[in-house]
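*Asks:* Take this structure first; my questions come after.
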């Protein structure tokens, strides 16, 4: 099975089984993900980008400094810019962050929904997904350019 088929299968499973919306950055180096997959509403993506919220997002800061997973609510006291309140206006009121890998080669996932806090088992499922994506993209920078292009072209 090709890398893009493996990645697509993993992400489609989440889309089909859950009401989760997400952004997953794979193999983040120098603040740029090698691969980025999002199912967040487009208007939220636009707002987030326009307002440069990545610079003040407590989940991004947490993910760059930690591995594992945590609920957004546990980071609420670090949200001085109101990122979580803004996300809630777009139907993303509850969420959790996942971070895997070394400080110079992270894979991070940010999962959200409107219907309530995530359970421990749901967060473990998200954590397992991020770990699997990180592992299957080991050596990504040395992969065949066609394989890299196919992985970047995945649409959800």
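Numbering (our numbering), first residue to last: 402 to 557.
Note that CB positions come from ideal geometry on N, CA and C, so glycine has one too.
Could you pull out every residue in the same chain whose Cβ sits closer than 6 angstroms to the Cβ of residue 519, ignoring the five residues on either side in sequence?
*Replies:* Cβ neighbours of residue 519 beyond the five flanking positions: 497.
*Asks:* Only counting the same chain, and skipping five residues up and downstream in sequence, which positions put a Cβ closer than 6 angstroms to that of residue 541?
*Replies:* Non-local C-beta neighbours of residue 541 in its own chain, meaning closer than 6 angstroms and more than five positions away in sequence, comprise 428, 435, ordered along the chain.
*Asks:* From the DSSP output, read off the bridge partner residues of residue 437.
*Replies:* 426
*Asks:* Excluding sequence positions up to five away, which residues of its chain have a Cβ less than 8 angstroms from the Cβ of residue 505?
*Replies:* 430
*Asks:* Could you give the residue range of the alpha helix (DSSP H) that holds residue 542?
*Replies:* Unbroken run through residue 542: none, as it is neither H nor E.
*Asks:* Excluding the five sequence neighbours on either side, which residues of its own chain have a C-beta within less than 6 angstroms of the C-beta of residue 442, listed in chain order?
*Replies:* 491
*Asks:* Assuming residue 425 and residue 502 are in contact, meaning their beta carbons sit under 8 angstroms apart, how far apart are those beta carbons, in whole angstroms?
*Replies:* Not a contact, Cβ separation roughly 13 angstroms.
*Asks:* Mapping the DSSP letters down to three states, classify residue 453 as helix, strand or coil.
*Replies:* In the three-state reduction of the DSSP assignment, residue 453 falls in the coil class.
*Asks:* May I have the straight-line CA-CA distance separating residue 556 from residue 549, to the nearest angstrom?
*Replies:* 14 angstroms
*Asks:* Is the beta carbon of residue 444 sitting closer than 8 angstroms to the one on residue 484?
*Replies:* no
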